[in-house]
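Novice: Okay, here's the structure, questions in a sec.
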DNA sequence: ATCCATTTGTCCGTATGTATG
DNA sequence: TCATACATACGGACAAATGGA
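Chains as they are written, first to last, in the working numbering: chain L, 869 to 1115; chain A, 869 to 1115.
Encoded structure:
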């Protein structure tokens, strides 16, 4: 659908660019023939690179669990489709992935209380330095990490949020405990960057992988913002969708 | 807001990772003090890297036009905020950027007719191999490239689309000529990857830059899909937003 | 059972890019 | 600017495994 060129000598290693391209080529089927990747020599010719370089790319993909090479037989594809995550007014993690994965799991990675800085305070309508609850939650679908989210809540309004969350393992249920029976997403903004730091291991990504970054504001039906969040999605495993009629 | 770590030996050169981080740091203000970037030694300490490496990163950003280093004075920031592009039912390029840029420009890069493959044919309800009009359009705001879109239309329904577009320079106006006075976006899916090939020069990006990829389906009010598009946005210049009430 | 083409795996050496001090 | 260490990329040669003729 787009170009064939690979850019050399500048920041991103050839093998990594090729790995990205192969991952895409597997997804849209252009580089795969019945469950098998095209041979290394073919790929090398297509990308205008040395076979060794292609091998490095394949080794990285093997590390990620995308493919598995077998001597004398070829390189077999292990995982293919991308999960769709819908961005809408009623965005909820687990219900969002229903039908796409058999098993959907949320794990609390970290919970603590920090002080609100200016930008948080303004959006949430609290004072500068007021307590702010921060939760880090890992989302998995069928044993594969698909998201890593940080959520922020007003620490005074939601006292002991962590303990309620620990019991229910659901943000929606915990909010209900505080009298919020319904909420909607005021805004989501999306951008992308390289994954870095601890999220690499949390999401099981190879260094240099790209993550989608979705920042969201949730509000009650009377338009009071009560939650901010920043969620990272591995760009090769997840696509975000915006549909005509948000449920 | 997130980690400080930089990953070495991993496909993406340190200087490029640092350049990406500095670009972000400029956008959110965390690495800039009144129009100036923090000194190289400070940055080197923050990233746990050598000053030479930070200098390489800054040189790349200078090449991109993001900053300008002046001997003895510091490194000055030339461009800063990210443009917000709203994804909604009524997504139109130029009206979308109103208020964010003084000058919004669309340039036709290429127009041709190809044959529909299976996936295009199915969504557009045309037959396999039927003519498909393809337009490549560059979007600029205040002299800066912000998007590079490929649009596909049914070649039989929209005969001579290119020439009408050339006159009006507007897809909305051209569609009106074919009796489509209104249309909405059925779906947008978003993912991200490294920019590659000719879009690098079209968008004025450094190799290795990340682009958001938005694939969209537009339909008439009676739910007939008539247009597919794939738009690339430089992730460091644009954020995509989804709002509560799509206009 | 043997040969052959295909395909991945391993080893050598060399040149250039990246990162540090 | 220099020196050093390691990562990246290339080229060639050959070994090892596979499956079909």
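Built from N, CA and C at the ideal position, the CB exists for glycine as well.
How many Å lie between residue 938/L and residue 1092/A at the Cα?
Specialist: Looking at the two C-alpha atoms, the distance is approximately 46 Å.
Novice: Taking C-beta pairs closer than 7 Å, name the residues in chain A that residue 888/L reaches, listed in chain order.
Specialist: Near residue 888/L (Cβ distances below 7 Å), the residues of chain A are 1061, 1062.
Novice: Please name the residue in 1049/L, 1030/L, 955/L whose C-alpha comes closest to that of residue 1058/L.
Specialist: The option with the nearest alpha carbon to residue 1058/L is 955/L.
Novice: What does the alpha-carbon distance come out to for the pair residue 883/A and residue 993/A?
Specialist: In a straight line, the C-alpha of residue 883/A is about 48 Å away from that of residue 993/A.
Novice: What are the uninterrupted segments assigned as beta strand (DSSP E) that are 3 or more residues long and contained completely in the segment 913-996 of chain L, given in chain order?
Specialist: For the segment 913-996 of chain L, whole beta strand (DSSP E) runs of length 3 or above, ordered along the chain, are 935-938, 942-945, 951-954, 972-983.
Novice: Is the number of C-beta pairs between the segment 1051-1067 of chain L and the segment 1082-1102 of chain L that are closer than 8 Å three or more?
Specialist: Judged by Cβ distances under 8 Å, the segment 1051-1067 of chain L makes contact with the segment 1082-1102 of chain L, as three or more pairs qualify.
Novice: Is it true that the segment 1029-1049 of chain A meets the segment 983-999 of chain A, where meeting means three or more beta-carbon pairs spaced less than 8 Å apart?
Specialist: Flag = no, the segment 1029-1049 of chain A and the segment 983-999 of chain A do not touch.
Novice: Rounded C-beta distance between residue 892/A and residue 988/A? I'm assuming under 8 Å.
Specialist: Going by Cβ atoms, the distance from residue 892/A to residue 988/A rounds to 36 Å, so no, they are not a contact pair.
Novice: Considering Cα atoms alone, identify which of 981/A, 967/A, 1052/A is closest to residue 1089/A.
Specialist: For residue 1089/A, the nearest C-alpha among the options comes from 1052/A.
Novice: Along chain L, in chain order, which residues have C-beta atoms closer than 8 Å to that of residue 880/A?
Specialist: Within chain L, the residues near residue 880/A are 879, 880, 881, 884, 1062, 1075, 1076.
Novice: Considering just the uninterrupted stretch of the beta strand (DSSP E) at residue 1018/A, what are its terminal residues?
Specialist: Here the beta strand (DSSP E) through residue 1018/A covers 1012-1022.
Novice: Have a look at residue 962/L and residue 972/L and give me their C-alpha separation to the nearest angstrom.
Specialist: Taking the straight line from one Cα to the other gives about 6 Å.
Novice: For residue 1109/L, collect the residues of the same chain with a Cβ closer than 6 Å to its Cβ; drop the 5 residues on either side in sequence, then sort them by chain order.
Specialist: Cβ neighbours of residue 1109/L beyond the five flanking positions: 952, 954.
Novice: Using the Cα positions of residue 902/A and residue 978/A, report the straight-line distance between them to the nearest angstrom.
Specialist: Computed Cα separation, rounded: 42 Å.
Novice: Which residue wins for smallest C-alpha separation from residue 1098/A, given the options 1074/A, 1006/A, 983/A, 886/A?
Specialist: For the residues 1074/A, 1006/A, 983/A, 886/A, the minimum Cα distance to residue 1098/A belongs to 1006/A.
Novice: Between 1102/A, 1043/A, 905/A, 1094/A, which has its C-alpha nearest residue 1063/A's C-alpha?
Specialist: Residue 1063/A has its Cα closest to that of 1102/A, out of 1102/A, 1043/A, 905/A, 1094/A.
Novice: Using alpha carbons as the reference points, say which of 965/A, 1002/A, 975/A lies closest to residue 982/A.
Specialist: The shortest Cα separation from residue 982/A among 965/A, 1002/A, 975/A belongs to 1002/A.
Novice: Measuring alpha carbon to alpha carbon, tell me which residue in 1104/L, 1077/L, 1106/L, 1100/L is nearest residue 880/A.
Specialist: Residue 1077/L is the option with its Cα nearest to residue 880/A.
Novice: Which term fits residue 941/A, buried or exposed, when burial requires 16 or more other beta carbons within 10 angstroms of its beta carbon?
Specialist: Classification of residue 941/A: exposed, given that the 10 Å Cβ count is below 16.
Novice: Per DSSP, residue 1079/A forms a beta bridge with which residues?
Specialist: Answer is 1061/A, 1102/A, bridged to residue 1079/A.
Novice: So, helix, strand or coil for residue 1029/A, using DSSP?
Specialist: If DSSP states are grouped into helix, strand and coil, residue 1029/A belongs with the helices.
Novice: Name the DSSP bridge partner or partners of residue 1087/L?
Specialist: 1052/L, 1093/L, per the DSSP bridge assignment.
Novice: In or out: residue 1022/A buried (at least 16 other Cβ within 10 Å) or exposed?
Specialist: Looking at its Cβ environment, which holds 16 or more other Cβ atoms inside 10 Å, residue 1022/A is buried.
Novice: Looking at the C-beta of residue 1095/A, does it have a partner C-beta in chain L at a distance below 8 Å?
Specialist: No, its Cβ sits nowhere closer than 8 Å to a Cβ of chain L.
Novice: Identify the continuous alpha helix (DSSP H) that holds residue 1004/L and give its terminal residues.
Specialist: No alpha helix (DSSP H) contains residue 1004/L, which is instead part of the beta strand (DSSP E) from 999-1009.
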